[in-house]
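Numbering (the working numbering), first residue to last: 113 to 361.
Next comes the structure, spelled out in structure tokens:
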């Protein structure tokens with residue numbers, strides 16, 4: 113039976129984490145807090161689990177979920193051709209509210225949907241999410257809401273939308289409180305998404321495909337002219353993770 117586990121209570125935290133690890137291992141879905149919004153999590157290496165995630169949200173394969181990772185060291189295990197400006201940004205903003213779209217390692221055996229060989233990666237700063245990721249490894253995580261609805265910032269709201277399609281809900285309190293909601297939608301605390309997949313063909317630019325909690329000014333302060341200006345038109349349009357508001361975190 114689905115239950116919300118209050119992670120501020122030691123006994124609930126221990127039980128909830130144990131059940132969450134078990135659920136992920138069996139291909140079931142878990143809702144977790146992140147530093148931005150609540151996320152709907154599945155084993156990134158289980159095509160069946162990823163499909164359950166998409167079905168629960170009412171999304172198609174054309175909107176593949178991002179992948180949350182436990183540490184910066186995992187970046188090179190999952191992506192190739194990582195530009196130096198990306199490394200500078202993750203050094204500055206990870207763990208935190210920045211998602212980076214990169215070319216995926218071609219040897220990876222997974223199926224996240226119609227990614228066209230790319231992957232969107234983020235290392236969250238929420239300790240509950242990081243504890244789970246340390247045990248499970250990379251997780252496919254989209255925001256814990258039905259597609260098209262506002263992202264859930266607490267476990268109860270996520271449960272209202274997703275119900276029994278989720279096996280375990282981990283309640284870590286309100287998400288996004290450490291950020292100013294400066295993204296594309298009023299009140300939204302989703303991550304900023306940067307696309308680096310066209311870096312070698314567009315003159316060495318990283319393109320913001322969703323404005324989120326890390327501002328353009330903060331990004332430019334780190335990488336300068338490597339950040340594409342507003343209205344930048346690349347020779348090849350971004351093809352990877354969608355900038356929709358319900359991309360995880």
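Virtual Cβ for every residue (Gly too), placed ideally from N, Cα, C.
Excluding five sequence positions before and after residue 128, the CB atoms of its chain that fall closer than 7 Å to its own CB belong to 117, 119, 280, 282, given in chain order. The continuous alpha helix (DSSP H) containing residue 244 extends over residues 239–248.
Beta-carbon to beta-carbon, residue 238 and residue 284 are separated by about 6 Å, close enough to satisfy the 8 Å threshold. Nearest to residue 252 by C-alpha distance, out of 124, 123, 144, 131, is 144. Of all C-beta pairs linking the region 152–161 to the region 289–306, fewer than three are shorter than 8 Å, placing the two stretches out of contact.
Going by DSSP, residue 136 is part of the alpha helix (DSSP H) stretching over 122–137.
In the structure shown, residue 193 falls within a coil segment according to DSSP collapsed to helix, strand and coil. Residue 255 is bridged by DSSP to 151. In the DSSP assignment, residue 282 falls within the beta strand (DSSP E) that extends over 280–283.
If you compare the alpha carbons of 318, 232, 330, 183 with that of residue 341, the shortest gap goes to 318.
A straight line joining the alpha-carbon of residue 240 with that of residue 273 spans about 21 Å. Looking at 207, 289, 310, the one whose alpha-carbon comes closest to that of residue 242 is 207.
Taking the Cα positions, residue 263 is about 21 Å away from residue 250. Under the DSSP definition of a beta bridge, residue 301 lacks any partner. For residue 211, the enclosing beta strand (DSSP E) covers residues 210–216. In its chain, beyond the 5 residues on either side, 139 have a beta carbon closer than 6 Å to the beta carbon of residue 160.
For the set 257, 247, 305, 307, the Cα lying nearest the Cα of residue 135 is the one of 247. Listed in chain order, the alpha helix (DSSP H) elements of length 4 or more contained wholly in the region 152–179 are 159–169. Rounded to whole angstroms, the Cβ separation of residue 307 and residue 179 is 15 Å, and the two are not in contact under 8 Å.
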